[in-house]
Each structure stands twice: as C-alpha cells, then as structure tokens.
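All remarks here apply to the structure that follows.
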Amino acid sequence: MTRIAIIGGGISGLSAAFELEQQRRGGVELEYVLYESSSSLGGVLRTEHMDGCTVEAGPDSFVSEKPWAADLCRELGLGDQLIGSNDADRKTYILTHGRLIEMPDGLMFMVPTKILPTGFSPLFSWKTKLRMMRELYHPPRAADQDESVAVFVERHYGPEMVDRLADPLLSGVYGGEAANLSVRAVLPRFADMERTHGSLGRAMLAARKKMKAMRKSAPPLFTSLKSGMQYLAETVVTYLTPEWLLKNAPVEVIEPQEGGWAVSVRAESNHFDKVIVALPAPAAAQILRNVSPELAHELSAVQYSSSITVGLAFDREVRQSLPPGFGFLVPRSEGKQLLAATFVHNKFPHRAPEDRALLRCFFAGVNAETVWPLSDEQIVGIVRNDLQQILGLRAEPLFARVYKWKSAMAQYGVRHLERLGRIEHLRRQLPGLALAGNAYRGIGVPDCVRSGRDAAREASKSG
Ligand SMILES: Cc1cc2nc3c(=O)[nH]c(=O)nc-3n(C[C@H](O)[C@H](O)[C@H](O)COP(=O)(O)OP(=O)(O)OC[C@H]3O[C@@H](n4cnc5c(N)ncnc54)[C@H](O)[C@@H]3O)c2cc1C
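Note that numbering that gives the first Met the number 0 gives residue 129 to position 130 of the sequence shown, counting from 1, and the numbers run on in steps of one.
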C-alpha cells in the first residue's frame, strides 16, 4: 500500500487527490492524506450567492483553450454545469485619456490582424499605427535570451502598445506588470512567432486562415460553472475519502525519512512513501527549508503579487445605462487605483438576474498593496469614485463585497524557465517528492488542475 501526503487543499492539491482517488477506485493500492492549513478546501476558489447574483471572490472562469479544468468537471459529472462566456457581446474597452475606447476588432492580444479597425481606432496614436505597419518587416530573431514582455512588445510596437494593451491585459491575468514578466514563460507563442516569422503581424496573418476555419466550431473564450467556481472544489471534495482530508492542519516541515517522508503538523509527525507539495512557492519553500536550502531558495525567488476583487450589484436602471461588452481595462498611466472591471451580467448572463447589474472590480500588484491597509468601506469608496469618473456611475450599490488575496498570484519573472529547470533538477535529487501549483507552468485554474494530476500520477508510480 503506497501512502501519499498531499500538502495544500487549493485546486492543485484537490486535483492531485482526485487523481489518486480515481486510481484507488480503479484498484491501485494507495492511500492519501490531504493537509490544508485553513478551515476550508478550495484555496482561492470562492463563490458567494447574494441577491440572486453569483459573486466570484477569486477566479471567475478559465480559458476554454486549456482543457484540463473542463475535463475534470466532466469526469465529476459536472458537464451540465459548464457555461461559456457570452462571446456575441464580447467587447473590451481601454480607458484612454479618461474615455473608454473599444479594443479594435482583429487585435489578437496586442497584434493587429485587421488593418482597417486598428487604423481607424482612437486607441493608438499615428506613431504607433506606423510602428504596426513597420512591424510587418521585423526580422526573425533567435529567442535564445529571455526578456520582459514590456521590452519584447516595445521592440515590436513601441511603448504606447505596452502601456495601452500589454500591461493592462497582463495585469488582469497575472496581477503583474509587463516590465517584470518573462516573455518566454508568459507569451511563449509570441516568442516562437518572432523566431520563425520575425513579424508577429505576419505570423498572425499566416495563421488567420487556419484560425478562421477553426473558429466556426470554436468553444467560447472562457468557461465557468453555473453555480460558481467554488462548486468545482466542493464537488471534488465530495468525491474524495472524507477521513483523509485534514483541515486546520498547517504543515510546518517535511523531511526525508527511511523509505519515505515525515510530514509534521504541530507536534505530530506522520510517515508517507511520497509527498505532493501543492502550495504557492513561498509556502513550499518554507516547509522544504530543512530538506534542501537550495530548492527552498529557488522556490522563494518566485515572486507573488496580491490582489483584491470587489463585487458590486446595482439595479436595472444602472444595467441599462452601462455600455455593452465584458468590461474595461485601465492602463497605469491613467492614474487610477482600479486596474479592471468586468460587467459580469454581460460576460456570464447566468450570474445575475435580468434586473441586476453585477460588476467585478480588480486591483493587483502595487495598486492592491496601496489600498490593502484600508477598510472594506474605504476600498468600496475608491471603487465607486473610479466608477463614477469612468462610467458616470453614481448610484448606490445594492451590495458590495471586498475579497483580499495576499500573495496568491505567481509572477513569472524574466528567466523563469531557467529557474524551473533548476527547481526540477533539485527536486529530482529528492526521490518521492512532487510539486504542483501555480508557481511553475501556468497560473490559471486549468494549469493548476493539470499540475496536480500530473504530480499525483508521478507519485503513484511505483519506485
Ligand atoms: C483574485 C484572483 C483571480 C483569479 N482569476 C483567475 C481566473 O479568472 N481564471 C483562472 O484560470 N485563474 C485565475 N486565478 C488564478 C488561479 O485561481 C490560481 O492560480 C489557482 O486557483 C491556485 O490554486 P492552488 O491550489 O495552486 O493554490 P491556492 O488556491 O493558493 O491553494 C493553496 C492552499 O494551500 C494552503 N496552504 C498554504 N500553506 C499551507 C501549509 N503549510 N500546510 C497546508 N496547507 C497550506 C492554503 O490555505 C490554500 O488553501 C486567479 C487568482 C486570484 C487570486
């Protein structure tokens, strides 16, 4: 009987447990124990239901292109829970000199694939539009050295593109700044395009025909669950063996032991054959500090940023007055605290009754740190002030909820992939140890599901 410890009860750890439970039910002789330091499972997957609205405190959906989260839902019998984003209404605005400007049609991340909509868009100056034309002649370049997304984008399209698009788009996903994120880790496809085509514009145009054919049957851009993201975590939990799930069990240290590992919580230590550490990198570094100071050092060097989401509901009148589309992004140069707002009632109409507007506002990185010490009321005040300036929205919200997430989003800095290589090398020197979570190869929910299940498959292998 193989005994496996899973440390961390977020979606990464739960996915590992799901995989092991599935194997156990399939006849593999194993036992697992999941340790979670808090009183609840699911990590940052948290949903509240209020006034008919489904309010996501953490992730609100996941990209459909990465199949692992939706696959897990289907395996759990949640296929009928899956909902797609309402892409027919997909419009995103960028706050530009105080005005909301729609992102032009045909922009793939920051690469224009349609000349006219971008050419006439007030989002960019003529200088940037000229850079876009010139970019079509960008020579191929070997991606032998990593660089920041900001440097990469600026090289192709100039600084305005970094400020107006690359930075706000990445803030929404990583809570970080384009100047600090690795192009090879965060936008590997773009780094490849530069290597093969030189120009990103030409590479996209070459791929467009293929994408058009695919788009006819393409799934919606984002997928979520009708009852909210927390329901995914809850359903995984109902599938698992209850007595093997330990809450309020903060692991302090793990250590190699004759034929396996000792996992210590408070004064009690238990023996396992294998250990899956499914924690954010700083927490993983902390429990591994005695085992391998080098590995702990590499893990603690993965930076994390904090974020705050604020859910606000308004009445029918406000809903009718808001612009169509999914929401807006705020470039840092606009000098606001708010980084983004989603019109949830448009993006996922199932999440709000027809007479409600549901907004999800987002702070991250430096902006989140700045407002962190403030009370919830003060944070809501800042949100309302920004919404008033941006949307002319003065109405009193029907409810407002603030959710703070300390150091929850990993930042893949320049040369992240090299660091991963060193982490992997050091980990292999510690037989029976597997790592999962958002610190490594993707911070999205699908990536975390995949990392948890892969770690479990590795841990359950004999030897
Ligand atoms: C505000 C926000 C919005 C996001 N939006 C999206 C989105 O829309 N789409 C998307 O795909 N992704 C999104 N993400 C990213 C994604 O949700 C996370 O990367 C992912 O859920 C992380 O899961 P995890 O299990 O690796 O970590 P976590 O959810 O952080 O779970 C780790 C768990 O480990 C526990 N723990 C910590 N230390 C110990 C210890 N010593 N012993 C035992 N347990 C311990 C913690 O209590 C926690 O429950 C978002 C993240 C945040 C914070």
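Just so it is clear, CB atoms sit at the ideal spot from N, CA and C, and this is done for glycine as well.
Open item on the list: Quick check on this structure: which residue in A165, D166, S198 and D104 has the alpha carbon closest to the alpha carbon of P138?
Closed with: S198
Just checking F119 against ligand 1 - is the residue's beta carbon closer than 8 Å to any of the ligand's heavy atoms? no
The beta strand (DSSP E) with Q302 in it runs from where to where? For Q302, the enclosing beta strand (DSSP E) covers residues Q302 to F313.
Below 9 Å between beta carbons: does that hold for G7 and G436?
yes
Can A454 and V235 be called in contact, C-beta distance under 9 Å? no
### Message
Suppose the cutoff is 7 Å on Cβ atoms and the five residues either side in sequence are ignored; what does the same chain contact list for L75 look like?
### Response
Taken in chain order, the residues that qualify are T234, V235 and Y238.
Item checked: Within 9 Å, strictly: CB atoms of V343 and E55 -> yes
Within a Cβ cutoff of 6 Å, which residues of the same chain sit near R45, ignoring the five residues on either side of it in sequence? A56, G57 and Q229
* Kindly give me the distance between the Cβ atoms of P219 and L429, rounded to whole angstroms, as I take these residues to be in contact under 8 Å. => With a Cβ gap of about 41 Å, P219 and L429 do not count as contacting.
**Message:** Can you look up F398 in the DSSP assignment and give me helix, strand or coil?
**Reply:** strand
Closest by CA to P396, which one among G431, A356 and A433?
A356
Q | Proximity to L338 [Cα-Cα], best of V172, L204, M107 and R426 | A | V172
> So the alpha helix (DSSP H) Q229 belongs to, where does it begin and stop?
Replying inline: From DSSP, the alpha helix (DSSP H) with Q229 extends over Q229 to Y238.
Excluding the 5 residues flanking V182 on each side, which residues of the same chain have their C-beta closer than 7 Å to its C-beta?
D145, E146, S147, V148, F151, F189 and A190
### Query
Ordered along the chain, which non-local residues of its own chain (more than five positions away) have a Cβ less than 7 Å from that of L321?
F342, A356 and L390
- Which of the three DSSP states, helix, strand or coil, is assigned to W243? helix
query: Of all Cβ atoms in chain C, is any one closer than 9 Å to the Cβ of A356?
result: Given the protein chain composition of this structure (a single chain), no chain C is represented.
- Please name the residue in S11, A202 and L186 whose C-alpha comes closest to that of V43. S11
query = K346 by DSSP, collapsed to three states: which one?
reply = It is helical.
Practice item. Using beta-carbon positions only, say whether S367 and S305 come within less than 9 Å of one another. Key: Note on identity: in this sequence residue 367 is Ala, with Ser being the wrong assignment. Yes, Cβ-Cβ distance for A367 and S305 is below 9 Å.
Considering only the alpha carbon of each residue, which of P323, G310 and L224 lies closest to F398?
G310
Open item on the list: Taking 9 Å as the threshold (C-beta atoms), are R383 and L392 in contact?
Closed with: yes
Problem set entry | Residues of its chain near T117, where Cβ-Cβ distance is below 6 Å and the 5 sequence neighbours each way are ignored | These residues qualify, in order along the chain: P103 and P111.
Leaving out five residues on either side along the sequence, give the residues of the same chain with a beta carbon under 8 Å from the beta carbon of L169. Excluding sequence neighbours, L169 sits near V148, G175, E176, A177, L180 and V185.
Notebook entry, point to check: Does the distance from the C-beta atom of L245 to that of V274 stay below 9 Å?
Noted result: For the 9 Å CB-CB criterion, L245 and V274 do not form a contact.
inquiry  = Looking at L19: is its Cβ nearer than 9 Å to the Cβ of A458?
reply    = yes
- Query: Fully enclosed by the stretch 152 to 234, which alpha helix (DSSP H) runs are 4 residues long or longer?
  - Reply: DSSP runs (the alpha helix (DSSP H)) wholly in the stretch 152 to 234: 166 to 173, 182 to 185, 187 to 196 and 199 to 214.
| said: I'd like to confirm something about L168: is its beta-carbon nearer than 8 Å to some heavy atom of ligand 1, or not? | reply: no
task = Starting from E257, trace the beta strand (DSSP E) both ways and give me its first and last residue.
result = Where E257 is concerned, there is no enclosing beta strand (DSSP E), given that its DSSP letter is neither H nor E.
- Would the beta-carbon of D59 be found less than 8 Å away from any heavy atom of ligand 1? yes
Sequence-distant residues of its chain with Cβ nearer than 7 Å to L278 (five each side left out) = I6, G7 and G436
Reduced DSSP category for V410 - H, G, I as helix; E, B as strand; rest coil
Residue identity check: residue 410 is Gln in the sequence provided, not Val. Three-state result, Q410: strand.
Exercise for the section: State the start and end residues of the unbroken beta strand (DSSP E) segment that holds M49. Expected result: T46 to M49
Open item on the list: If the criterion is Cβ atoms closer than 9 Å, does the pair R2 and G259 meet it?
Closed with: yes
Candidates H296, P445 and H349: which alpha carbon is nearest G227's?
H349
Query - Option in L204, A312, H96 and E417 with minimal Cα separation from R400 - result: A312
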